[in-house]
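Undergrad: Chains as they are written, first to last, in this note's numbering: chain V, 168 to 343; chain S, 466 to 549.
(1) Roughly how many angstroms separate the alpha carbons of residue 535 of chain S and residue 512 of chain S, rounded to a whole number?
(2) Could you check the C-alpha separation between residue 290 of chain V and residue 517 of chain S for me, to the nearest Å?
(3) If I follow the unbroken alpha helix (DSSP H) through residue 510 of chain S, where does it start and stop?
(4) What does residue 207 of chain V touch in chain S if you count any residue whose Cβ is under 7 Å from its own?
(5) Going by C-alpha to C-alpha distance, which of V:192, V:257, V:197, V:212 sits closest to residue 173 of chain V?
(6) Using the three-state DSSP reduction, which class does residue 294 of chain V fall into: helix, strand or coil?
(7) Is it buried or exposed for residue 520 of chain S, if we count other Cβ within 10 angstroms and need 16 for buried?
(8) In terms of residues, what are the limits of the alpha helix (DSSP H) holding residue 235 of chain V?
(9) Using alpha carbons as the reference points, say which of S:523, S:505, S:537 lies closest to residue 479 of chain S.
(10) Flag this pair as yes or no: are the beta carbons of residue 218 of chain V and residue 292 of chain V separated by less than 8 Å?
(11) Is the segment 181 to 193 of chain V touching the segment 225 to 243 of chain V, taking contact as three or more C-beta pairs under 8 Å?
(12) Measure how close the beta-carbons of residue 329 of chain V and residue 489 of chain S come, nearest whole angstrom, since I'm counting them as under 8 Å.
(13) Using a cut-off of 9 Å between C-beta atoms, extract the partners of residue 227 of chain V located in chain S.
(14) Spatial neighbours of residue 287 of chain V within its chain, please: CB distance less than 6 Å, with the 5 preceding and 5 following residues excluded, ordered by chain position.
(15) Need the endpoints of the alpha helix (DSSP H) that residue 485 of chain S sits in, please.
(16) Cβ closer than 9 Å: which chain S residues qualify as neighbours of residue 231 of chain V?
(17) Run through DSSP, which three-state label would residue 339 of chain V get?
(18) Cβ of residue 530 of chain S versus every heavy atom of the ligand PLP: is any distance shorter than 7 Å?
(19) Tell me the rounded alpha-carbon separation between residue 183 of chain V and residue 270 of chain V.
(20) Within its chain, find whatever has a CB closer than 7 Å to the CB of residue 294 of chain V; leave out the 5 residues flanking it on each side and keep chain order.
(21) Say whether the segment 492 to 506 of chain S touches the segment 196 to 203 of chain V, bearing in mind that this needs 3 or more beta-carbon pairs closer than 8 Å, one atom from each stretch.
(22) When DSSP builds the beta bridges, which residues end up paired with residue 286 of chain V?
(23) In terms of residues, what are the limits of the alpha helix (DSSP H) holding residue 201 of chain V?
(24) For residue 255 of chain V, which of helix, strand or coil comes out of DSSP?
(25) May I have the straight-line CA-CA distance separating residue 176 of chain V from residue 232 of chain V, to the nearest angstrom?
(26) Under 9 Å Cβ-Cβ, which residues of chain V neighbour residue 508 of chain S?
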């Protein structure tokens, strides 16, 4: 018995469990921490499937930056509890229906493709080769993505600046 | 030899489903964004599995762009969340 399939299924079970727990938690902090666990599992899976550079990016960006940012936001703003039931029936029933439909469509589509049942051959994209490939063939897309990030940064700065004058008159009204 | 490609697809479909369920049922803006993140992650996993199946780096390059878009969306939306 090969070791790699066992690893894959163990990590897959970990990811699914952690994500399910994250989605059903009522407390946001617990949800984010379970999601960090799920992203660590995903990074291991990326490594298993031959993408060590993307595994590192997954840990650094998703688990490290985004989730910590979410944690900061949750702790910084005072969140009031969600009103009403935890999973209201008005949203639960359509969501379950759509999920069931999606799963059925997936099973039909995946069952129609007979070529996907061969075991994958393990391979690895060496980070240096991957970087050369990326900047060789996708340099324009990289530039566009960097522009997108720059615009997002500007939007964050502008929104943060707009908040300050709006917040001041309120506090002045409250103090006297 | 690792698992068949269909198993990778099934795993990422289940992950996508969980993310979609989260985005559809939760009312909190942060939880909706987390659901979107889970869905993006599932899409990345599909791309990496496809890259392994066809032995091409194209899929891995696509994951970089998914990552960039996800981060961009987050940083754009999170400061706005503080307004509420």
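We treat Cβ as the ideally placed atom computed from N, Cα and C, and that holds for glycine.
TA: Quick answer:
(1) 15 Å
(2) 7 Å
(3) 494 to 518
(4) Going along chain S, no residue has its Cβ under 7 Å from residue 207 of chain V, so there is no contact; the nearest lies around 12 Å.
(5) V:212
(6) helix
(7) exposed
(8) 234 to 243
(9) S:505
(10) yes
(11) no
(12) Their Cβ separation, rounded to whole angstroms, is 30 Å, which puts residue 329 of chain V and residue 489 of chain S out of contact at 8 Å.
(13) Ordered by position in chain S, no residue passes the 9 Å Cβ test against residue 227 of chain V, which lies about 10 Å from the chain.
(14) none
(15) 470 to 490
(16) The contacting residues do not exist; residue 231 of chain V stays about 12 Å from chain S at best.
(17) Confidence at residue 339 of chain V is low in this model, with a pLDDT of 48, below 50, so the placement of that residue should be treated as unreliable; the coordinate-derived value is given next. In this structure, residue 339 of chain V counts as helix in the three-state DSSP scheme.
(18) The ligand PLP is absent from the structure shown, which contains no ligands of any kind.
(19) 15 Å
(20) 219, 220
(21) yes
(22) S:469
(23) 195 to 215
(24) coil
(25) 27 Å
(26) Simply none; closest approach about 12 Å.
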